[in-house]
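Worksheet: one structure, shown below.
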Amino acid sequence: MKEVNHFRRFLLWYLATTIPLTLIVVLVLAPGMPPGNGTVQASAVVADNTVFLGVASVIFMAVLVYFVYSLIAFRERNPSVVTEGPAIRGHPQIQLWWIVVTMGIVLFLTAYGTIRLLEGGSGGGQGPNPIAVPSPPAGTKPLQVQVIAQQWQFTYRYPAYGGVETPSIEIPTNTLVEFHVTSLDVIHSFWAYQLNVKADANPGVDNIAYAQTKGPLFFNVRCSELCGLWHGYMFNSGRVVPRAQFASWIALQQRQFGAARRSLPPYTRQYFPTPLRRG
Ligand SMILES: [Cu+2]
Numbered sequence: 003m004k005e006v007n008h009f010r011r012f013l014l015w016y017l018a019t020t021i022p023l024t025l026i027v028v029l030v031l032a033p034g035m036p037p038g039n040g041t042v043q044a045s046a047v048v049a050d051n052t053v054f055l056g057v058a059s060v061i062f063m064a065v066l067v068y069f070v071y072s073l074i075a076f077r078e079r080n081p082s083v084v085t086e087g088p089a090i091r092g093h094p095q096i097q098l099w100w101i102v103v104t105m106g107i108v109l110f111l112t113a114y115g116t117i118r119l120l121e122g123g124s125g126g127g128q129g130p131n132p133i134a135v136p137s138p139p140a141g142t143k144p145l146q147v148q149v150i151a152q153q154w155q156f157t158y159r160y161p162a163y164g165g166v167e168t169p170s171i172e173i174p175t176n177t178l179v180e181f182h183v184t185s186l187d188v189i190h191s192f193w194a195y196q197l198n199v200k201a202d203a204n205p206g207v208d209n210i211a212y213a214q215t216k217g218p219l220f221f222n223v224r225c226s227e228l229c230g231l232w233h234g235y236m237f238n239s240g241r242v243v244p245r246a247q248f249a250s251w252i253a254l255q256q257r258q259f260g261a262a263r264r265s266l267p268p269y270t271r272q273y274f275p276t277p278l279r280r281g
């Protein structure tokens with residue numbers, strides 16, 4: 003009887019299943035995954051997840067196809083035989099390939115992840131001295147927005163507009179927004195899902211995160227750090243609106259909250275409020 007070339011047979015099965023599956027994952031499934039394409043950073047995360055899922059499906063299918071192939075091709079057909087097959091040891095070629103392939107994958111993921119992280123910070127909080135600073139769209143300046151967390155709400159201050167403090171957030175389209183995230187009391191976390199921004203809000207700390215807006219967008223803001231009794235209710239929503247609409251919104255905020263601003267501390271990068279007298 004002719005000896006079957008298992009490796010070639012496995013490879014054929016592997017390629018026949020993995021190529022279509024990986025194409026479906028990379029071209030159809032992954033591009034629709036969260037957090038969507040609301041900002042430049044969100045799109046970058048979707049692209050990175052597409053790359054990672056593509057790599058993962060190639061590895062996953064290798065394991066799965068080999069597993070199924072072994073079950074079928076190498077199973078003992080005679081139930082009276084209970085001895086194990088010969089152990090596979092000392093195959094230098096397989097060992098070498100194993101080391102080369104696994105090391106290649108790990109090094110690729112490390113390099114890719116690091117480079118992508120440094121390109122624009124990926125929407126994460128970078129502390130007071132960011133090293134991954136994205137450049138704003140040509141001819142525009144970054145807009146600073148301070149996010150102030152406290153039990154149990156977010157407020158926002160706009161230093162370029164007299165430090166006005168607002169209970170809701172709007173930001174203009176096609177703008178690089180520089181979020182300065184801080185807290186007045188305990189540890190919170192500012193998570194603007196569709197903007198792909200997530201940054202810890204710590205008292206006395208100026209945590210900077212970037213998001214470059216694209217078109218108009220509705221986004222949800224949630225606290226994502228357990229911060230006390232009403233943590234689950236610490237959310238609001240915001241909008242990315244055209245520049246003209248933003249200008250009239252911020253003017254309205256200045257009129258509405260201008261009086262309150264007089265009893266606020268002047269704008270700084272962090273606040274150390276005196277403890278509240280309670281009860
Ligand atoms: Cu909170």
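Just so we're aligned, residue 3 is where the sequence shown starts under our numbering, counting upward by one. Cβ coordinates follow ideal geometry from the N, Cα and C atoms, glycine included.
Exercise for the section: Return the Cβ separation of V166 and R263 in integer angstroms, given the expectation that the two are a contact with Cβ distance under 8 Å. Expected result: Within the sequence shown, the letter at position 164 stands for residue 166. Within the sequence shown, the letter at position 261 stands for residue 263. Their Cβ separation, rounded to whole angstroms, is 6 Å, which keeps V166 and R263 in contact under 8 Å.
Problem - Residue-chain proximity (V53, chain C), Cβ-Cβ < 8 Å - result: You won't find chain C in this structure, because it holds only one protein chain.
Exercise for the section: Look up P121 in the DSSP assignment and say whether it is helix, strand or coil. Expected result: For the purposes of this step, residue 121 is identified with residue 119 of the sequence shown, where counting begins at 1. Here residue 121 turns out to be Glu, not Pro, going by the sequence shown. Of the three classes helix, strand and coil, the one that applies to E121 here is helix, per DSSP.
Practice task
Starting from the N-terminal end, write out each residue whose C-beta falls within a distance shorter than 5 Å of any non-hydrogen atom of ligand 1.
Solution key: H190, C225, C229 and M236
Practice task
Pick out whichever of Y195, E227 and V149 has its Cα sitting closest to the Cα of M35.
Solution key: Counted from its first residue, the sequence shown places residue 35 at position 33. Checking every option, the nearest Cα to that of M35 belongs to Y195.
Problem - Limits of the unbroken beta strand (DSSP E) element including H182 - result: As a first step, residue 182 must be located in the sequence shown, where it is residue number 180. Element bounds for H182: L178 to S185.
Problem - Simplified DSSP state of Y269, which is helix, strand or coil - result: As a first step, residue 269 is located in the sequence shown; it is residue number 267 there, counting from the start. DSSP places Y269 in coil when its eight states are reduced to three.
Practice task
Leaving aside the five residues before and after P33 along the sequence, list all residues of the same chain whose C-beta is less than 8 Å from its C-beta, in chain order.
Solution key: For the purposes of this step, residue 33 is taken as the residue at position 31 of the sequence shown. Around P33: V48 and T52.
Problem - Local Cβ density within 10 Å of K143, reported as buried at 16 or more and exposed below that - result: Locating residue 143 in the sequence shown gives position 141, counting from the first residue. Looking at its Cβ environment, which holds fewer than 16 other Cβ atoms inside 10 Å, K143 is exposed.
Exercise for the section: Go ahead and label W232 buried or exposed: buried means 16 or more other beta carbons lie within 10 angstroms of its beta carbon, across all protein chains shown. Expected result: As a working note, residue 232 is residue 230 in the sequence shown. By the neighbour-count rule (16 or more Cβ atoms within 10 Å), W232 is not buried but exposed.
Exercise for the section: List the whole-angstrom C-beta distance separating M236 from Q146, where the pair is believed to meet the contact cut-off of C-beta under 8 Å. Expected result: Translated into the one-based positions of the sequence shown, residue 236 becomes position 234. Translated into the one-based positions of the sequence shown, residue 146 becomes position 144. M236 to Q146, Cβ: 23 Å. No contact.
Practice task
Report the rounded CA-to-CA distance for I189 versus G206, giving the unit in angstroms.
Solution key: Reading the sequence shown from its first residue, position 187 is the one you call residue 189. Reading the sequence shown from its first residue, position 204 is the one you call residue 206. One C-alpha to the other measures close to 10 Å.
Practice task
Work out the CA separation of V60 and L23 for me, nearest whole Å.
Solution key: For the purposes of this step, residue 23 is taken as the residue at position 21 of the sequence shown. For the purposes of this step, residue 60 is taken as the residue at position 58 of the sequence shown. Whole-angstrom Cα-Cα distance: 9 Å.
Exercise for the section: Report yes or no: do the stretch 246 to 253 and the stretch 71 to 83 share at least 3 C-beta pairs separated by less than 8 Å? Expected result: no
Exercise for the section: Would you decide whether K200 is buried or exposed? Buried here means 16 or more other CB atoms lie within 10 Å of its CB. Expected result: By 1-based counting over the sequence shown, the position of residue 200 is 198. K200 comes out buried.
Handout entry: Nearest candidate by alpha-carbon position, reference L120, set S137, T168, E5 and I107
Key = Your numbering for residue 120 matches position 118 in the sequence shown. It is S137.
Exercise for the section: Report yes if the CB atom of N198 is closer than 8 Å to the CB atom of Q43, and no otherwise. Expected result: Locating residue 198 in the sequence shown gives position 196, counting from the first residue. Locating residue 43 in the sequence shown gives position 41, counting from the first residue. Contact: yes.
Handout entry: Cβ neighbour criterion (16 or more within 10 Å) applied to A213
Key = Here residue 213 is taken as the residue at index 211 of the sequence shown, counted from 1. Buried, because 16 or more other Cβ atoms sit within 10 Å of the Cβ of A213.
Exercise for the section: Could you work out which residue in R10, I210, A151 and T215 is closest to L186 when comparing CA atoms only? Expected result: Walking along the sequence shown from the start, residue 186 turns up at place 184. Nearest of R10, I210, A151 and T215 to L186, Cα basis: A151.
Exercise for the section: From the DSSP output, in three-state form, read off H93 for me. Expected result: Here residue 93 refers to the residue found at position 91 of the sequence shown. The answer is coil: DSSP assigns H93 none of H, G, I, E or B.
Problem - Residue of Y269, Q258 and F54 minimising C-alpha distance to A170 - result: Here residue 170 is taken as the residue at index 168 of the sequence shown, counted from 1. The amino acid at residue 170 is misidentified as Ala; the sequence shows Ser. Among Y269, Q258 and F54, the Cα nearest to that of S170 belongs to Q258.
Practice task
Please go through the same chain and pick out, in chain order, the residues whose beta-carbon is closer than 6 Å to the beta-carbon of W193, but skip the five residues on each side of it.
Solution key: The count along the sequence shown starts at 1 and reaches residue 193 at position 191. K200, R224 and S226.
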